[in-house]
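Worksheet: one structure, shown below.
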Amino acid sequence: MEIVRRVRSMRETCKQARTKGQRIGFVPTMGFLHQGHAALMRKMREQTDIVVVSIFVNPAQFGPGEDFESYPRDLTRDTDLCIREGVDYLLAPEAQEIYPPGPRTYVEIPDLSASIEGASRPGHFRGVATVVLKLINIVQPHAMAFGQKDAQQAIVIRRMVEDLMLDLELHIVPTVRDERGLALSSRNKYLTPEFYEAALAIPRSLEAARHVVGEGQTKPEEVLAAVQEVLAADPLVKIDYVELVDPKTMEPVELIEGPALLLVAAALGETRLLDNATISPPEDR
Ligand code: AMP
């Protein structure tokens, strides 16, 4: 595996691979890799000839006072994981090359970015979409993998790919969880054992929603109440939001008549975690 630091060099390598008729698969990440990221790499390995992973802690998607500075970083460990997963190129550019000083262009998907995670983190999805498009333009992949773990991000990126007519396949990979059900996240590293135990309320709350909908409940407010009850039972869990939306529009659902996307964000001390589940009424399963 080759570690590529410069945009020009990555561009050149990818251009050559394309000329040879090789299909390029791309997995953009912020590093501190775990088995969730590995699942995305494996998906690309299956689908394409060359796998490129990027590691870039993107300043543009962090708001003031968020954890950009303290976001976990460990390129040595990440390199080992990428080698084990058969990655061909690890792109790890410097921020100055991605964001040179001076005026900037941004990509915005306003209708899908203002609510839920976007409401809690103004400007977040603009930062995500902008860097993903920059990376796409460098790598020019045939296929890309994103995690269902960041459900709204996957929806925003899909819209961008369709609206800007980008010629690539998107693969959304199911959320990888640890043995106790917690969705893997680079930020889990911050959790003390006490906060880790408390964080397990998040997957439990998703199960509670599945359960009540499975029993025939169709009213979103009842389902949301069941989720909130599980989360509120642990005083260490501070709920940021719990929402049930239409997975296409991100608008709140009025009645659960088909698959609905349940999104949860909660803080455990300084650590903010996200999770989600697609919930379907019994007749829809
Ligand atoms: P990040 O490094 O957190 O920006 O994530 C990079 C990619 O990995 C995104 O597409 C995430 O949705 C995906 N991802 C993160 N955690 C998981 C997980 N537990 N399971 C599956 N995909 C994940």
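When the letters of the sequence shown are read in order and numbered with my numbering, they come out as residues 42 to 326.
Beta carbons are placed, not taken as given, at the ideal position from N, Cα and C, and that holds for glycine.
- By the neighbour-count criterion, in which a residue is buried when 16 or more other Cβ atoms sit within 10 angstroms of its Cβ, E53 is exposed.
- Sequence-distant Cβ neighbours of L296 in its own chain, meaning closer than 6 Å and more than five residues away, are T259.
- When DSSP states are grouped into helix, strand and coil, H252 belongs to the helix group.
- Every alpha helix (DSSP H) of 4 residues or more that sits fully in the segment 107–164 is shown, in chain order, as 116–125, 136–139, 151–154 and 158–161.
- The three-state reading of DSSP puts F166 in helix, counting H, G and I together.
- Between A307 and I243, the C-beta spacing is below 8 Å.
- Judged by DSSP secondary structure, V264 falls within the alpha helix (DSSP H) whose first and last residues are P261 to A273.
- When rounded, the separation of the alpha-carbon atoms in R59 and E138 is 23 Å.
- Per DSSP, the unbroken beta strand (DSSP E) holding H212 starts and ends at E210 to V214.
- Non-local beta-carbon contacts of A273 in its own chain, meaning distances under 8 Å to residues more than five positions away in sequence, involve I280 in chain order.
- Using a Cβ-Cβ distance cut-off of 8 Å, the segment 193–212 and the segment 223–232 are not in contact, since fewer than three pairs of beta carbons, one from each stretch, lie closer than that value.
- With 16 or more other Cβ atoms from the protein chains shown falling within 10 Å of its own Cβ, P69 counts as buried.
- Contact holds between the segment 96–113 and the segment 149–168, because three or more Cβ pairs, one in each stretch, are under 8 Å apart.
- Here the alpha carbon of T171 sits roughly 27 Å from the alpha carbon of T117.
- Distance from the C-beta of K230 to the nearest heavy atom of the ligand AMP is not below 7 Å.
- With respect to K230, P100 sits apart: the two C-beta atoms are not nearer than 8 Å.
- The segment 170–211 contains, as complete alpha helix (DSSP H) runs of 4+ residues, the segments 192–204 (chain order).
- A133 and V94 have their alpha carbons spaced roughly 9 Å apart.
- DSSP places Y282 inside the beta strand (DSSP E), whose first and last residues are V278 to V286.
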